[in-house]
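Notes follow the structure.
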Amino acid sequence: MAPQDATMYWLSRRTRNDLFLLYCFADSGRPTAELRVLVARRSACIPDLRVRLREVPADLDYPSWIPCDFAAEQFMEHLPSESNWPAVLNALGKLLGTVLDASVRPWRLHLFRDVIGVPGQLPDAGPATVVVLQMSHALADGRRAAQIARALFAESGATDQGRTGSLPRTPRCRWAPAGSALLDAARTTAVLGLLRMPIQVIRTAVRGYHAYRSQLELAELTTTGRVPAPGPDFTPSLVNPSTEVGVSDHRVRVIVCAPDRLRIPDRTVTVVVLTAISLALARYLEARGAQVDRLGAQVPMALPGVSTPRNNYRSLGVDLFVDEPDIRLRSRRIADALGDRMARAGHSLLAAQDRVTAVVPAALLRRDIDRYPLDTVPDSIAGHTVVSSVHRGSADLTFDGGRVLFTAGFPALGSVMHLTHGVHGLSEDTEGRGATITISIHADAAALPDIDAYSDLLVAALGETAQAHRAADGVD
Numbered sequence: 000m001a002p003q004d005a006t007m008y009w010l011s012r013r014t015r016n017d018l019f020l021l022y023c024f025a026d027s028g029r030p031t032a033e034l035r036v037l038v039a040r041r042s043a044c045i046p047d048l049r050v051r052l053r054e055v056p057a058d059l060d061y062p063s064w065i066p067c068d069f070a071a072e073q074f075m076e077h078l079p080s081e082s083n084w085p086a087v088l089n090a091l092g093k094l095l096g097t098v099l100d101a102s103v104r105p106w107r108l109h110l111f112r113d114v115i116g117v118p119g120q121l122p123d124a125g126p127a128t129v130v131v132l133q134m135s136h137a138l139a140d141g142r143r144a145a146q147i148a149r150a151l152f153a154e155s156g157a158t159d160q161g162r163t164g165s166l167p168r169t170p171r172c173r174w175a176p177a178g179s180a181l182l183d184a185a186r187t188t189a190v191l192g193l194l195r196m197p198i199q200v201i202r203t204a205v206r207g208y209h210a211y212r213s214q215l216e217l218a219e220l221t222t223t224g225r226v227p228a229p230g231p232d233f234t235p236s237l238v239n240p241s242t243e244v245g246v247s248d249h250r251v252r253v254i255v256c257a258p259d260r261l262r263i264p265d266r267t268v269t270v271v272v273l274t275a276i277s278l279a280l281a282r283y284l285e286a287r288g289a290q291v292d293r294l295g296a297q298v299p300m301a302l303p304g305v306s307t308p309r310n311n312y313r314s315l316g317v318d319l320f321v322d323e324p325d326i327r328l329r330s331r332r333i334a335d336a337l338g339d340r341m342a343r344a345g346h347s348l349l350a351a352q353d354r355v356t357a358v359v360p361a362a363l364l365r366r367d368i369d370r371y372p373l374d375t376v377p378d379s380i381a382g383h384t385v386v387s388s389v390h391r392g393s394a395d396l397t398f399d400g401g402r403v404l405f406t407a408g409f410p411a412l413g414s415v416m417h418l419t420h421g422v423h424g425l426s427e428d429t430e431g432r433g434a435t436i437t438i439s440i441h442a443d444a445a446a447l448p449d450i451d452a453y454s455d456l457l458v459a460a461l462g463e464t465a466q467a468h469r470a471a472d473g474v475d
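Set out below in structure tokens:
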């Protein structure tokens, strides 16, 4: 297992960092027992859904993935007191407070049947099925998780994971020891890890020196303007209170939009949503009596290419320019800042630090993770909220014949981030149907007491942002 992925696993022992991918389908009417069989059959054809994590004694080496079969507890049907969308959101808030043990099973599917009143549906539309795919962050980042879900819900069936797009190959496990044989294998791995440790320490020191040289070179390139400067820091706000790890009251809301509503020339959907968040969050904080001078967002960026780590991204700190009153100019400045952060994050010199992490002994990395102060908020932070944007492909997904209606995701909360946003889209299928963009809100009720008020502000800000650009372009 790559150090980046092991980090996500060890962090899950201290905080809740699982991924939750929501897919809403038209209800096919098939019995739940048959849907369970379908999930078991399809997941058996997807290598990433047929593994679990094996730890090494004393963390003398990094954990590894070993084969495992589908278990009955990986398919859970939920029966809220009412079969409507608000009840599903309430149940989802409780789910977001849970975390999987990847050493038992790294994924689970949650099912809600006969749901009425889902967003974007006509009042007389039939019931919907809401599926929530929960994954350990050690198993995948947002992009890879979307590809795994596509394999599970692909209309043609998940007979070949390679057909789902650019999903990296999962290494084959040639054997799956059980019982005492599994324990012996773990002990052998620990011994080998202990023998490798002196070499890893030397390699860490050598690569650390090269990383230091790369930092000096990057600083010089930044000074001369050949590489954009790093993102700014921000003072924590009311949505970044210092609190103990472990949010007890998760709240979620989902805004489903037609793509045309957010389509603006020369602006990406991510920039449009960031601009709207800059308006809504500033207004929400001001209504609570806070003085808002600056706001920023952390935006995860997937790194290009196929990588060994399952988690292959960097978080970018982007200024939201709330001091700019002109919405069009604000969105342009946000777009430019995001472009600069992406250019810097993609620079080859930053990969030197990744090469250091790749050879750090597992025991040392685990020690650092266990000691990291998750319970405090620093004086300066890289952003006040997270905005994670992932396009999840074509709207040709189905669940036993029921077409997909929309998809959503809910970035995790933590000691700094008590408000996060997901931006997830589906493009038209081959028949020109099903394109949607969903903006989700995930908040700690202690930091954002009235999520509906904030959701209403964000809906209004999305319309205001689009209208400001269309009016300037002479579009009604």
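Just so we're aligned, residue 0 is where the sequence shown starts under numbering that gives the first Met the number 0, counting upward by one. A virtual CB, placed ideally from N, CA and C, is assigned to each residue, including glycine.
Assuming residue i and residue j are in contact, meaning their beta carbons sit under 8 Å apart, how far apart are those beta carbons, in whole angstroms?
i: Asn239; j: His109; result: Actually they do not touch by this definition, with Cβ atoms about 29 Å apart.
i: Arg454; j: Leu425; result: Rather than Arg, the amino acid found at residue 454 in this sequence is Ser. That pair is no contact at about 21 Å.
i: Leu337; j: Val298; result: 7 Å
i: Thr31; j: Arg112; result: 6 Å
i: Leu294; j: His383; result: 5 Å
i: Ala381; j: Gly304; result: With 8 Å as the limit, Ala381 and Gly304 do not qualify as a contact, their Cβ atoms being about 24 Å apart.
i: Ala137; j: Pro105; result: 7 Å
i: Leu485; j: Arg149; result: In the structure as shown, the chain begins at 0 and stops at 475. Residue 485 is therefore absent and cannot be evaluated.
i: Ala145; j: Arg391; result: 5 Å
i: Leu59; j: Ala362; result: 6 Å
Over what stretch of residues does the alpha helix (DSSP H) that includes residue i continue unbroken?
i: Phe69; result: Careful: Phe69 lies outside any alpha helix (DSSP H) and carries neither H nor E.
i: Gly141; result: Gly141 to Phe152
i: Glu463; result: Ile450 to Ala471
i: Leu443; result: The sequence given here places Asp at residue 443; Leu does not occur at that position. Unbroken run through Asp443 is the beta strand (DSSP E), Thr435 to Asp443; no alpha helix (DSSP H).
i: Pro264; result: Pro264 -> no alpha helix (DSSP H), and no H or E assigned at all.
i: Asp369; result: Ala361 to Arg370
i: Ser11; result: Pro2 to Ser11
i: Ile254; result: No alpha helix (DSSP H) holds Ile254; the beta strand (DSSP E) holding it covers His249 to Cys256.
i: Asp318; result: From DSSP, Asp318 is part of no alpha helix (DSSP H) but of the beta strand (DSSP E) over Tyr312 to Asp318.
Please name the residue, chosen from the options, that lies closest to residue i on a Cα-to-Cα basis.
i: Gly288; options: Ser236, Asp395, Thr429 and Ile333; result: Ser236
i: Ala39; options: Val386, Asp60, Ala467 and Phe69; result: Phe69
i: Ala279; options: Ile326, Thr128, Gly431 and Arg266; result: Ile326
i: Leu88; options: Ala71, Ala57, Val129 and Pro56; result: Val129
i: Asp374; options: Pro2, Thr14 and Thr6; result: Thr14
i: Ala342; options: Val131, Pro227, Pro46 and Ile276; result: Pro227
i: Asp292; options: Pro324, Leu20, Arg313 and Ile263; result: Pro324
i: Phe233; options: Val255, Ala296 and Ile263; result: Ala296
i: Gly345; options: Leu404, Arg313 and Val321; result: Arg313
i: Ala286; options: Asp378, Leu447 and Asn310; result: Leu447
i: Asp451; options: Arg252, Gly224, Met7 and Ser80; result: Arg252
i: Arg469; options: Glu154, Lys93, Ala281 and Asp259; result: Asp259
i: Arg340; options: Lys93, Pro231, Leu94 and Leu95; result: Pro231
i: Cys44; options: Pro66, Phe24, Cys23 and Ala25; result: Pro66
i: Trp64; options: Ala90, Leu37, Ala101 and Val36; result: Ala101
i: Pro377; options: Pro229, Ser241 and Thr406; result: Ser241
i: Val422; options: Thr464, Gly141, Ile147 and Leu284; result: Gly141
Does the Cβ of residue i have 16 or more other Cβ atoms within 10 Å, making it buried, or fewer, making it exposed?
i: Pro62; result: buried
i: Leu215; result: exposed
i: Glu54; result: buried
i: Gln466; result: exposed
i: Arg51; result: buried
i: Ser330; result: buried
i: Tyr371; result: exposed
i: Ala460; result: buried
i: Leu48; result: buried
i: Pro308; result: buried
i: Leu151; result: buried
i: Ser414; result: buried
i: Ala5; result: buried
i: Thr97; result: exposed
i: Thr429; result: exposed
i: Arg432; result: exposed
i: Val103; result: exposed
Identify, in the order they occur along the chain, each residue of the same chain with its Cβ nearer than 7 Å to the Cβ of residue i, setting aside the five sequence neighbours on each side.
i: Arg107; result: Gln73, Met75, Leu99 and Gln133
i: Pro2; result: Tyr61, Thr356, Ala357, Val359 and Leu364
i: Ala442; result: Arg250, His417, Leu418 and Ile450
Leaving out five residues on either side along the sequence, give the residues of the same chain with a beta carbon under 8 Å from the beta carbon of residue i.
i: Arg12; result: none
i: Glu33; result: Asp399
i: Ile333; result: Val270, Leu273, Thr274, Ser277, Val317, Asp318, Leu319 and Phe320
i: Met7; result: Asn16, Ser135, His136, Ala137 and Asn310
i: Leu217; result: Val226, His346, Leu348 and Leu349
Could you spell out where the beta strand (DSSP E) holding residue i opens and where it closes?
i: Val98; result: From DSSP, Val98 is part of no beta strand (DSSP E); its letter is neither H nor E.
i: Leu59; result: Counting along the chain, Leu59 falls outside any beta strand (DSSP E), and DSSP gives it neither H nor E.
i: Ser42; result: Note, Ser42: premise wrong, no beta strand (DSSP E); alpha helix (DSSP H) at Thr31 to Ser42.
i: Met75; result: Phe74 to His77
Sorted by chain position, which residues of the same chain lie with C-beta nearer than 6 Å to residue i's C-beta, five sequence neighbours on each side aside?
i: Asn476; result: Nothing about residue 476 can be reported from this structure: the residues present for the chain run from 0 to 475 only.
i: Ser27; result: Asp399, Gly400 and Gly401
i: Arg162; result: Any answer about Arg162 is weak, because its pLDDT of 38 lies below 50 and its placement is not dependable; what the coordinates show is given next. Hits under 6 Å: none found.
i: Gly462; result: none
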